[in-house]
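Under this note's numbering, residues 159 to 229 are what the sequence shown spells out, in order.
Below: the structure, in structure tokens.
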Amino acid sequence: MTQQKIIAVRHLRAGGRLIPVHFSRNAGGSVAGRAVLGAQDTPILDGPDPEAVLAVLRDVIDGLLLARQTA
Numbered sequence: 159m160t161q162q163k164i165i166a167v168r169h170l171r172a173g174g175r176l177i178p179v180h181f182s183r184n185a186g187g188s189v190a191g192r193a194v195l196g197a198q199d200t201p202i203l204d205g206p207d208p209e210a211v212l213a214v215l216r217d218v219i220d221g222l223l224l225a226r227q228t229a
């Protein structure tokens with residue numbers, strides 16, 4: 159996988175953690191948001207802009223963290 163240039167970093171608070179989300183620009187103009195849950199655990203969501211990606215992450219991050227705990 160090619161390393162993408164980070165265009166922005168935002169943070170989400172969930173599960174008692176502050177989770178960084180690194181954004182990069184996709185070839186088609188959309189953005190990819192990489193939630194850094196751990197060194198080898200970085201789920202990626204694509205969306206039209208960083209705000210849209212953060213909105214989806216806010217909706218799913220608690221369930222995602224819970225699934226990671228029980229796996």
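Every residue gets a Cβ at the ideal spot worked out from N, C-alpha and C, and that includes glycine.
This structure is a prediction, so every number in the text was calculated from the model and none was measured.
Which residue wins for smallest C-alpha separation from A166, given the options R192, T200, Q198, L223?
If you compare the alpha carbons of R192, T200, Q198, L223 with that of A166, the shortest gap goes to R192.
When you compare the CB positions of R226 and D199, do they come within less than 9 angstroms of one another, or not?
Yes. Within cutoff.
Taking P208 as part of the alpha helix (DSSP H), name the residues at either end of that continuous run.
Unbroken alpha helix (DSSP H) run through P208: 208-228.
Between which two residues does the beta strand (DSSP E) holding L176 run?
For L176, the enclosing beta strand (DSSP E) has its first and last residue at 175-183.
Member of G205, V218, R216, A213 whose CA lies at the smallest distance from the CA of G187
Out of G205, V218, R216, A213, G205 has the C-alpha closest to the C-alpha of G187.
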